[in-house]
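Heads up: the sequence shown is residues 142 to 401, going by this note's numbering.
All C-beta atoms in this analysis are idealised placements derived from N, C-alpha and C, irrespective of residue type, glycine included.
In this text the structure is predicted, and so the values were computed from the model without any measurement.
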Amino acid sequence: MEKNELITSITKKVMQRLSAAQDLQAASRYCEAADTMGSADLAQYIDHTILAPDATEEAVGKICSEALQYHFKSVCINSSHVAYVSGKLQRSGVQTCSVVGFPLGAALSQAKAFETRQAIADGAGEIDMVLNIGALKSGDVKTVEDDIRAVRRATRGTTILKVILETCLLTDAEKVLACEISKNAGADFVKTSTGFSKGGATVEDIALMRRAVGPEMGVKASGGIRDASKALAMIHAGATRLGTSASVAIVTGVQGKSGY
Numbered sequence: 142m143e144k145n146e147l148i149t150s151i152t153k154k155v156m157q158r159l160s161a162a163q164d165l166q167a168a169s170r171y172c173e174a175a176d177t178m179g180s181a182d183l184a185q186y187i188d189h190t191i192l193a194p195d196a197t198e199e200a201v202g203k204i205c206s207e208a209l210q211y212h213f214k215s216v217c218i219n220s221s222h223v224a225y226v227s228g229k230l231q232r233s234g235v236q237t238c239s240v241v242g243f244p245l246g247a248a249l250s251q252a253k254a255f256e257t258r259q260a261i262a263d264g265a266g267e268i269d270m271v272l273n274i275g276a277l278k279s280g281d282v283k284t285v286e287d288d289i290r291a292v293r294r295a296t297r298g299t300t301i302l303k304v305i306l307e308t309c310l311l312t313d314a315e316k317v318l319a320c321e322i323s324k325n326a327g328a329d330f331v332k333t334s335t336g337f338s339k340g341g342a343t344v345e346d347i348a349l350m351r352r353a354v355g356p357e358m359g360v361k362a363s364g365g366i367r368d369a370s371k372a373l374a375m376i377h378a379g380a381t382r383l384g385t386s387a388s389v390a391i392v393t394g395v396q397g398k399s400g401y
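What follows is the structure, encoded as structure tokens:
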């Protein structure tokens with residue numbers, strides 16, 4: 142099958158699934174969860190995030206302390222901070238999450254796999270990788286899938302793998318295609334954004350991604366989530382994880398800033 146025919150075939154199949162009544166019924170579960178959620182429940186959706194290039198050890202340590210205090214799901218950092226963070230979070234129940242191939246996704250698959258293996262050796266329990274965005278937009282499905290599979294193999298199947306799509310750079314058809322590729326490659330989650338491009342998570346994108354992957358995969362909203370109202374809207378749309386640096390503001394109700 143030619144490349145364009147393959148893309149058309151995959152996209153058509155998923156788009157047909159998006160219109161199915163069972164997808165709409167499954168989405169109601171996320172609405173119910175959001176409607177009954179307290180701050181402690183909300184905290185367990187949050188990857189407390191610090192990805193700024195100028196993040197100091199002191200700043201990263203503060204994020205760890207906040208994660209321990211509020212019982213966030215994980216602390217999400219650049220791979221150079223993994224050993225430090227995993228030491229801080231040891232035996233706490235808060236996961237260490239490392240980004241890989243961040244923020245452009247344009248590194249070689251071998252480099253992404255190496256970064257993944259090292260992050261896991263340093264204590265990461267979750268990996269957020271950026272897919273090869275240029276290959277996706279070129280319609281090169283094989284390269285995109287092989288790239289994700291290389292990182293999936295590096296996790297040895299024991300570490301949560303989230304694939305960052307960078308939705309602000311994609312058409313809806315490309316978002317759907319990226320979700321299908323990620324699912325086929327064995328990822329556990331699809332994630333909207335790095336927070337370093339021209340846009341972050343939207344309710345519309347979360348709803349589209351949820352319907353594309355179905356109920357069995359996680360969907361992570363990241364980028365621009367600054368308060369509880371927006372966080373709950375994302376969960377209502379189908380998100381099962383949130384990436385934000387405004388985590389404390391979200392669970393305490395105080396307006397915060399979200400700048401990775």
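Legend entry - Bridge partner(s) assigned by DSSP for V240: The residue you call residue 240 lines up with position 99 of the sequence shown. The partner list for V240 (beta bridge, DSSP) reads D269.
Legend entry - At least three beta-carbon pairs within less than 8 Å, the stretch 272 to 292 to the stretch 238 to 249: They touch, by the three-pair rule.
Inset, instruction - Taking Q415 as the reference, give the member of D263, E315, E256, K253 with the closest Cα. - result: This structure cannot settle anything about residue 415, because the visible part of the chain is limited to 142 through 401.
Legend entry - Proximity below 7 Å, CB of K324 to CB of D269: For the purposes of this step, residue 324 is taken as the residue at position 183 of the sequence shown. For the purposes of this step, residue 269 is taken as the residue at position 128 of the sequence shown. No, Cβ-Cβ distance for K324 and D269 is not below 7 Å.
Legend entry - V226 - containing beta strand (DSSP E), residue span: Translated into the one-based positions of the sequence shown, residue 226 becomes position 85. Note, V226: premise wrong, no beta strand (DSSP E); alpha helix (DSSP H) at 223 to 230.
Legend entry - Three CB pairs or more closer than 8 Å across the stretch 336 to 344 and the stretch 356 to 373: yes
Inset, instruction - State the CB to CB distance for the pair M350 and C320, rounded to an integer number of angstroms; the pair is presumed to be in contact (CB under 8 Å). - result: Locating residue 350 in the sequence shown gives position 209, counting from the first residue. Locating residue 320 in the sequence shown gives position 179, counting from the first residue. About 6 Å; that satisfies the 8 Å criterion.
Inset, instruction - Name the residue from T299, K361, A184, Y225 whose alpha carbon lies nearest to the alpha carbon of E199. - result: Taking the sequence shown and counting its residues from 1, one reaches residue 199 at position 58. Out of T299, K361, A184, Y225, Y225 has the C-alpha closest to the C-alpha of E199.
Inset, instruction - Return the residue from the list P356, L318, L311, L383 that minimises the CA-CA distance to S338. - result: Residue mapping note: residue 338 aligns to position 197 of the sequence shown, counting from 1. Nearest C-alpha to S338: L311.
Inset, instruction - Could you tell me whether the Cβ atoms of N219 and V240 are closer together than 7 Å? - result: The residue you call residue 219 lines up with position 78 of the sequence shown. The residue you call residue 240 lines up with position 99 of the sequence shown. Taking 7 Å as the Cβ cut-off, N219 and V240 qualify as a contacting pair.
Inset, instruction - With DSSP as the reference, please indicate the residues paired to R382 in a beta bridge. - result: Taking the sequence shown and counting its residues from 1, one reaches residue 382 at position 241. According to DSSP, residue pairing for R382 in a beta bridge involves K361.
Legend entry - Residue ranges of each beta strand (DSSP E) within the stretch 289 to 324, 3 or longer: 301 to 305
Inset, instruction - Give a yes or no on contact between the stretch 290 to 305 and the stretch 202 to 210, applying the rule of three or more CB pairs nearer than 8 Å. - result: With a cut-off of 8 Å, the stretch 202 to 210 and the stretch 290 to 305 do not count as touching, because too few Cβ pairs lie within range.
Inset, instruction - Measure from the alpha carbon of A348 to the alpha carbon of each residue in A328, I322, K316, G327, then state which is nearest. - result: Working through the sequence shown from its first residue, we reach residue 348 at position 207. The shortest C-alpha separation from A348 is found at K316.
Legend entry - Nearest to L277 (by Cα), restricted to the options A314, A265, G298, T257: Taking the sequence shown and counting its residues from 1, the one referred to as residue 277 is at position 136. Ranking the options by Cα distance to L277, first place goes to A314.
Inset, instruction - Go through its chain and collect everything with a Cβ distance to I366's Cβ below 8 Å, but skip five positions before and after it. - result: Locating residue 366 in the sequence shown gives position 225, where the first residue counts as 1. G341, A342, A372, M375, L383, G384, T385, A387, I391, S399, listed in sequence order.
Legend entry - 8 Å contact criterion, which V395 and G379 should meet: CB distance rounded: If you number the sequence shown from 1, residue 395 lands on position 254. If you number the sequence shown from 1, residue 379 lands on position 238. Not confirmed; about 26 Å, so no contact.
Legend entry - Whether E267 touches I301 by CB criterion (7 Å): Reading the sequence shown from its first residue, position 126 is the one you call residue 267. Reading the sequence shown from its first residue, position 160 is the one you call residue 301. Yes, the Cβ-Cβ distance between E267 and I301 is below 7 Å.
Legend entry - Neighbour-count burial assignment, K332, 16 or more Cβ in a 10 Å radius: Position 191 of the sequence shown, counted from the start, is the residue given in the question as residue 332. Classified as buried, K332 has 16 or more neighbouring CB atoms from the shown chains inside 10 Å of its CB.
Legend entry - Residues bridged to S215 [DSSP beta-bridge criterion]: Position 74 of the sequence shown holds residue 215. Bridge partners of S215: D188, Q236.
Legend entry - Local Cβ density within 10 Å of G228, reported as buried at 16 or more and exposed below that: Working through the sequence shown from its first residue, we reach residue 228 at position 87. Classification for G228: exposed.
Legend entry - Whole-angstrom C-beta distance between V223 and A252, which should lie under 8 Å: In the sequence shown, residue 252 corresponds to position 111, counting from 1. In the sequence shown, residue 223 corresponds to position 82, counting from 1. Contact doesn't hold; Cβ gap of about 16 Å is too wide.
Legend entry - Reduced DSSP category for A162 - H, G, I as helix; E, B as strand; rest coil: The residue given as residue 162 occupies position 21 in the sequence shown. Residue placement at A162 is flagged as unreliable, the pLDDT there being 44, under the threshold of 50; a coordinate-derived value is accordingly withheld.
Inset, instruction - Buried or exposed for D329, please, with buried defined as at least 16 other CB atoms from any protein chain shown within 10 angstroms of its CB. - result: Position 188 of the sequence shown, counted from the start, is the residue given in the question as residue 329. By the 10 Å Cβ count, D329 comes out buried.
Inset, instruction - Measure the alpha-carbon distance for L183 versus S215 and round it to whole angstroms. - result: On the sequence shown, position 42 is the one that residue 183 refers to. On the sequence shown, position 74 is the one that residue 215 refers to. The straight-line gap from Cα to Cα measures roughly 13 Å.
Legend entry - Boundaries of the alpha helix (DSSP H) in which K253 is found, first to last residue: Position 112 of the sequence shown, counting from 1, holds the residue named residue 253. Counting along the chain, the alpha helix (DSSP H) containing K253 begins and ends at 250 to 262.
Legend entry - DSSP-derived helix/strand/coil call for K339: Here residue 339 refers to the residue found at position 198 when the sequence shown is read from its first residue. DSSP places K339 in coil when its eight states are reduced to three.
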